[in-house]
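Residue numbers (this note's numbering): 1207 to 1391.
Even glycine gets a Cβ: it sits at the ideal position worked out from N, Cα and C.
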DNA sequence: GCAGAGATCAGCT
DNA sequence: GCTGATCTCTGCC
């Protein structure tokens, strides 16, 4: 399975967020492969988006949002959680990223259960910090190239039918923007 | 079933 | 020192 080309990420961040639905997120650790279908995303942009990490300008944490598109932005928050984003934006923006909020497990489900230390499959990857834990994604994947078959990348997946738009979750600014996208499998 | 606390890092005031 | 793109566990209805 080929990784999506860099041109996929060189478009409007909101468009990329919608198009990432149904794609397959793949994680390679040693000889193990873990993968899942992306079912929920959120778009975070730049100067027009007060909820974005990039809104306040460049910092040590968010600098990859200003870097090359098609790489991973992994950030640490609430003292104990990691979240993954794919850097994506059109030419008219200096920064932007798509937060991957939920996936449906496909390969390596046993590994995910081990990483998460739980038994129930329904709670495995249905939240941004849950899926990073299940896939063992940490700061080491910060800046990882998603367009190559590295330790973390994205490939084609299933066809998407109905995409639902919602306000984004867990933020207090920019709640007027309907930039949370979901599909049902 | 739902509300609240706790975990404890990076960035801002 | 406080706040957050969060999750889990506890306690009470």
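Label residue 1229 either buried or exposed according to how many other C-beta atoms from any shown protein chain fall within 10 Å of its C-beta, with 16 as the threshold for buried.
To locate residue 1229, count along the first chain from 1; it is residue 23. Label assigned to residue 1229: buried.
Test item: CB-CB of residue 1280 and residue 1323 under 8 angstroms
Indexing the first chain from 1 puts residue 1280 at position 74. Indexing the first chain from 1 puts residue 1323 at position 117. No, the pair does not count as a contact, with Cβ atoms beyond the cut-off.
What's the call for residue 1160, buried or exposed, on a 16-neighbour Cβ count within 10 Å?
The question about residue 1160 has no answer, for the chain in this structure spans 1207 to 1391.
Classification of residue 1334 by the beta-carbon crowding that lies within 10 angstroms, buried from 16 upward:
Locating residue 1334 in the first chain gives position 128, where the first residue counts as 1. It is buried - the Cβ of residue 1334 has at least 16 other Cβ atoms within 10 Å.
Cβ shell of residue 1212 (< 7 angstroms), same chain only, five flanking positions each side left out
Start at 1 with the first residue of the first chain, and residue 1212 comes out as number 6. Hits under 7 angstroms: 1275, 1276, 1353.
The beta strand (DSSP E) with residue 1334 in it runs from where to where?
As a first step, residue 1334 is located in the first chain; it is residue number 128 there, counting from the start. Secondary structure note for residue 1334: it is in no beta strand (DSSP E), and the uninterrupted alpha helix (DSSP H) holding it is 1334-1340.
Please confirm whether residue 1379 and residue 1301 have their CB atoms less than 8 angstroms apart.
Within the first chain, numbered from 1, the residue matching residue 1379 stands at position 173. Within the first chain, numbered from 1, the residue matching residue 1301 stands at position 95. No.
Name the DSSP beta bridge partners of residue 1351, please?
Residue numbering aside, residue 1351 sits at position 145 when the first chain is read from its first letter. Its beta-bridge partners are 1277.
Output needed for residue 1288: all residues of its chain with C-beta closer than 8 angstroms, excluding positions within five of it in sequence on either side, in chain order.
In the first chain, the residue the question calls residue 1288 occupies position 82. Closer than 8 angstroms at the Cβ level, and outside the excluded window around residue 1288, lie 1280, 1281, 1282, 1335, 1338, 1339, 1343, 1344, 1345.
Find out if the Cβ-Cβ distance for the pair residue 1232, residue 1361 is shorter than 8 angstroms.
Residue numbering aside, residue 1232 sits at position 26 when the first chain is read from its first letter. Residue numbering aside, residue 1361 sits at position 155 when the first chain is read from its first letter. Contact: yes.
Any idea which residues DSSP pairs residue 1387 with across the strands?
Your numbering for residue 1387 matches position 181 in the first chain. Beta-bridge pairing links residue 1387 to 1247, 1371.
Give a yes or no on contact between the segment 1242-1262 and the segment 1292-1306, applying the rule of three or more CB pairs nearer than 8 angstroms.
yes
So, helix, strand or coil for residue 1213, using DSSP?
Position 7 of the first chain holds residue 1213. Helix at residue 1213.
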